[in-house]
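Asker: Numbering (the numbering used here), first residue to last: 1 to 129.
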DNA sequence: GGGGTGACTTTAT
DNA sequence: CATAAAGCCACCC
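1. Would you mind sorting residue 18 into buried or exposed? The rule is 16 or more other CB atoms within 10 Å of its CB.
2. Could you check how far apart the C-beta atoms of residue 94 and residue 71 are, in whole angstroms? I think they sit under 8 Å.
3. So the candidates are 59, 30, 33, 31; which of them puts its Cα closest to the Cα of residue 20?
4. Hey, could you find the ends of the alpha helix (DSSP H) residue 58 is sitting in?
5. Sort 56, 54, 57, 38 by Cα distance to residue 48 and report the nearest one.
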């Protein structure tokens, strides 16, 4: 089906799919800075699309990964969210190499976060009560 | 067009 | 602070 206008931003085209937008945005993250999945999603107009962002990075193939600084995307609270395996270690090492310091396995988003003023994710959930 | 999936996030116990 | 459960989203079959 012709995907509906998923681009929520007026200056964004929907030709490139959400994933591409994610890649484009991440590609602009300055070296030594990080951003959370939730922030990326929010910037693309999907406040609750953090999970979708993770999806975009998950399907990144090797060649594409070379052009997208995926390691600069971290979980809420500045924690490495990559699943077990070779992931967390590599990401942490890369960030360290860029000057990002870890505090008990976490990153101070107020210092290294590109959007220190923007919440990692809007609080609008209510599992119950 | 329905359903599964997961590099998320938050709230509750 | 650790574990559990539940929303939310876009992509793919």
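Each residue gets a CB set at the ideal place from its N, CA and C atoms; glycine is no exception.
Answerer: Working from what's here:
1. buried
2. 4 Å
3. 59
4. 50-58
5. 38
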